[in-house]
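Beneath this line is the structure, given in structure tokens, with notes to follow.
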Amino acid sequence: MSEEKIDIHNSMTCPLPISDYKKVLLAHGGGGNLSHQLIQKMFFSQFSNSFLNEEHDGAVIPVKEGRIAFSTDSYVVHPIFFPGGNIGELAVNGTVNDLAMCGAKPLFISAGFIIEEGLPMEELWQIVLSMRKAAEAAGVQIVTGDTKVVDNGKGDKIFINTSGIGLIAPGINISPKNCSEGDIIILSGRIADHGIAIMSAREGIEFETQIVSDTAPLNSLVEVMLNTSRNIHVLRDPTRGGLASALNEIAMTSGKSIIIEENNIPIAEEVKGACEILGFDPLYIANEGKLVAFVAETDAEKVLNAMRSHPLGKESVIIGKVAAGNTGSVVMKTSIGSTRIVDMLSGEQLPRIC
Amino acid sequence: MKYVDEFRSAKAAEVYFRLIKRTITKPHVIMEICGGQTHTIMKYGIEEMLPKELTIVHGPGCPVCVTPLEMIDKALAIASLDDVIFTSFGDMLRVRGSKDDLLSMKAGGHDVRIVFSPLDAVNIAAMNKDKKVVFFAVGFETTAPANAMAVIEAKRRGLKNFSILCSHVLVPPAIEALLSNRGTRIQAFLAAGHVCTVMGYEEYIPLCEKYKTPIVVTGFEPVDILQGIYMAVKQLEEEQYKVENQYGRVVSKEGNIAAKELLKDVFNIVDRKWRGIGTIPQSGFRLKDFYSEFDAEKVFGLEGKTYSEDPRFRGDDNESKCIAGEVLQGLKKPSACSAYGSLCTPEHPLGAPMVSSEGVCAAYFHYKKREGAAG
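Each protein sequence line maps, in turn, to chains L and C. Take 3 as the starting number for the first sequence in this note's numbering and just add one per residue. Take -5 as the starting number for the second sequence in this note's numbering and just add one per residue.
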């Protein structure tokens, strides 16, 4: 069956001459002419930079002295467009943030696309555009990539893998193992926006809300923080599994005892309401533009103020501290004054959120 | 959040903690019926702050936990058919039947979907006329009206491909079953506020009088529960027994009359098997004959089909050490189980109460595992 053709000259959006095709075909991943055109017109036109433009099998990057951070993540979010963003910017921001949490300045990103045959070209175009914008905003370059197309029904529109490299400046040492007794725990803003935005956008859930994803690159916020203090011990972005899982991971890795105050954790009223209705605990709901920082008590106030001076950290608050003892667990002082364990999530079924 | 934050306030909680301490002079055992209340008690660490004289035991009010094995096996049998879209609330998917669970069926390529309302399942049926769409209608009186509505709506829209697998259970017969057990140690009940939102609380008055046991209709926020406990303790100390309503901002004596009419139109009251407890007379709903075309057991020829209950969940199997039956009847606490926290965890549940997040064993494990774990 021949694909319907569209008039490229009158198209207001996707400008590629190969948009003779309204939808991605298997041949776009086949390595032939259509593949080449897709990569040239869609990806190279937007991601253009000197490393990518070499059109080599991989990007060749000069290395300075020091340490590099290297991270990878795959994005399978459903739906691919959601309130506040789409899978493309999520894929860029996610890897940028993972690098930033290592204390690195993110520099280079790879992008691997697994596209399901039949994805509208226009949707791919929108995703590519937002990846370009996200990369620009974060100050990173997309320097290498890959495209595969799978049969209709064998994927879910599009999956994206991004890997990234960042440079760690001398003297910076961020690691969950550095979590120390007395550290103050700072959270950069309201939690659970992303997960609830995805839930509300999902097919079949009739839930009207204005909640939008918080997806954002956190590297400039981290830069401000690292310029303020060299006594930041741990950074973590509480993505899948939410704040509770992030804190548990740090507690388990370091063997330390974390205590947080329920009343100090900021949650938007709409998000609270949505969680009540859907039966979710916001502590376990994903974020894509928030971080927690473990800071030596002496520098906590300074770091908090620096965070609040940044647009992505203006609602930063102290939510707890690292207490004495080596339990490797997280406890919370509840709103009614009692304390309880905050556990890891144990297999609760939530839809794909990142 | 209005009407929520007030009932999660430390100041209000402190008032009731103090009142309970001041009132209590001797040991009492109070059971909260509902899994939602169990969850709140654990989540807010309420038990630890109550006086030692007071024992809170947790009732069989987690619908996922008490859904009998044979119903889950029926659900699995239906979901395994190629022309079926099987829909359910999320936490039913993890409960194992004799061999499998619905999540594994989904992973195996069968069309199993989570919905948030039975009316979503009706819409799925309307959009997929070539498939049979089945909704797993599980729950207490709280969820029954929405399920009744789904059936009425399907009939109104002339849908021939929608049915419900009905496993509804009722609270008052369960309270009677617990109280009529000679070994019971329960002296007062916190009744489930949401159930009473639908049903009112008139039907609890005869139970209260017959067994001389205080029943306090109670809400779900921590301060609701503390106030409910205080009201029950006060009655016990004064040697009174009456039905009181703590959840007055939501519950009226007569309940939701329109919803009750709906239930009467759509369902008959029948004997129902409860997992871990056994058959309780007149303790469940099933669809009336007028709606039999929407009864999945009839549609798929599963009526009368029985499966033997897994002995592990009867609580008398030495090998697995699971005491789910006794836990669900408030005879024992999860921490009294030698399998709890070692052989039995949410990832590898031996008994149903470890499966659902509202199940008492899962709630214990989630919020206080270290202090209780036997392993």
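From the three backbone atoms N, C-alpha and C, an ideal C-beta is built for every residue, glycine too.
Using 10 angstroms around the beta-carbon of residue i, count the other beta-carbons present and answer buried if the total reaches 16, otherwise exposed.
i	result
G353 of chain C	buried
P57 of chain C	buried
D310 of chain C	Low confidence applies to D310 of chain C: its pLDDT is 43, below 50, so where it sits in the model is not reliable, and the reading given next is rough at best. Looking at its Cβ environment, which holds fewer than 16 other Cβ atoms inside 10 Å, D310 of chain C is exposed.
T19 of chain C	exposed
I66 of chain C	buried
E203 of chain C	exposed
E297 of chain C	exposed
A252 of chain C	exposed
H30 of chain L	buried
I63 of chain L	exposed
V(-2) of chain C	exposed
K316 of chain L	exposed
M103 of chain L	buried
K267 of chain C	buried
Q229 of chain C	buried
Q240 of chain C	buried
N312 of chain C	For N312 of chain C, the predicted structure reports a pLDDT of 45, less than 50, and the residue's modelled location is therefore unreliable. The matter cannot be settled from this model.
Quick one: Cα of residue i to Cα of residue j, how far?
i	j	result
M334 of chain L	E183 of chain L	16 Å
K258 of chain L	V236 of chain L	13 Å
D148 of chain L	A119 of chain C	40 Å
I279 of chain L	V273 of chain L	10 Å
G166 of chain L	Y77 of chain L	14 Å
V332 of chain L	A326 of chain L	12 Å
K100 of chain C	R280 of chain C	27 Å
Y334 of chain C	P340 of chain C	10 Å
G272 of chain C	I193 of chain L	44 Å
N233 of chain L	R2 of chain C	36 Å
G206 of chain L	D114 of chain C	Legend: pLDDT at G206 of chain L = 49, less than 50; position of this residue unreliable, value from coordinates given subsequently. Going by the C-alpha atoms only, they are around 7 Å apart.
K135 of chain L	E91 of chain L	8 Å
K159 of chain L	I70 of chain L	33 Å
C214 of chain C	G324 of chain C	Looking at the sequence shown, residue 214 of chain C is not Cys but Phe. One C-alpha to the other measures close to 19 Å.
F307 of chain C	F282 of chain L	At F307 of chain C, the pLDDT of 47 sits below 50, so the modelled position is not reliable; the number obtained from the coordinates is stated separately. So the two alpha carbons sit approximately 28 Å from each other.
E64 of chain C	F130 of chain C	13 Å
K125 of chain C	D105 of chain C	10 Å
S112 of chain L	G91 of chain C	45 Å
E271 of chain L	S246 of chain C	28 Å
C181 of chain L	S82 of chain C	43 Å
H58 of chain L	G33 of chain L	15 Å
A69 of chain C	L159 of chain C	7 Å
G319 of chain C	K5 of chain C	38 Å
V344 of chain L	F288 of chain C	43 Å
V226 of chain L	G222 of chain C	51 Å
P328 of chain C	P62 of chain C	20 Å
R242 of chain L	L13 of chain C	42 Å
S231 of chain L	N154 of chain L	51 Å
G102 of chain C	D94 of chain C	11 Å
I150 of chain L	I116 of chain L	Looking at the sequence provided, one finds Lys at residue 150 of chain L rather than Ile. Between K150 of chain L and I116 of chain L, the C-alpha separation is close to 5 Å.
V214 of chain L	L121 of chain L	24 Å
Y358 of chain C	L322 of chain C	13 Å
Between which two residues does the alpha helix (DSSP H) harbouring residue i extend?
i	result
I72 of chain C	L63 to A73
P371 of chain C	In this structure chain C extends from -5 to 369, so residue 371 of chain C is not present and cannot be described.
A253 of chain C	I251 to V260
Q221 of chain C	P216 to E231
T341 of chain L	It is not in any alpha helix (DSSP H) - T341 of chain L instead sits in the beta strand (DSSP E) that spans T341 to V344.
Y77 of chain L	No alpha helix (DSSP H) holds Y77 of chain L; the beta strand (DSSP E) holding it covers R69 to Y77.
E41 of chain C	I40 to M43
A4 of chain C	A4 to T17
Check the Cβ of residue i against every Cβ in chain C and list those closer than 7 Å, keeping chain order.
i	result
K156 of chain L	By Cβ distance, chain C contributes nothing, its closest Cβ being about 13 Å from K156 of chain L, past 7 Å.
G275 of chain L	M(-5)
Residues of chain C with CB under 8 Å from residue i, in chain order?
i	result
E271 of chain L	M(-5)
R342 of chain L	M36, K37, Y38, G39, Y361 and K362
Identify the contact partners of residue i in chain C, using a Cβ-Cβ distance below 9 Å as the criterion.
i	result
E278 of chain L	M(-5) and V(-2)
Residues of chain L with CB closer than 9 Å to the CB of residue i, please, in chain order.
i	result
S3 of chain C	S337 and I338
Between which two residues does the beta strand (DSSP E) harbouring residue i extend?
i	result
P275 of chain C	G272 to L281
D216 of chain L	No beta strand (DSSP E) contains D216 of chain L, which DSSP labels as neither H nor E.
A131 of chain C	K126 to G133
For residue i, return the contacting residues in chain L, with the cut-off set at a CB-CB distance below 7 Å.
i	result
M43 of chain C	S340
A7 of chain C	I338 and G339
P216 of chain C	I338
Say whether chain B places a C-beta atom closer than 7 Å to the C-beta of residue i.
i	result
D345 of chain L	The structure shown contains no chain B; its protein chains are L and C.
Which runs of the beta strand (DSSP E), 3 residues or longer, sit entirely within the segment 310 to 335 of chain L?
-> 319 to 325 and 332 to 335
For the segment 110 to 163 of chain L, list the alpha helix (DSSP H) runs that are entirely contained and at least 4 residues long, ordered along the chain.
-> 123 to 140
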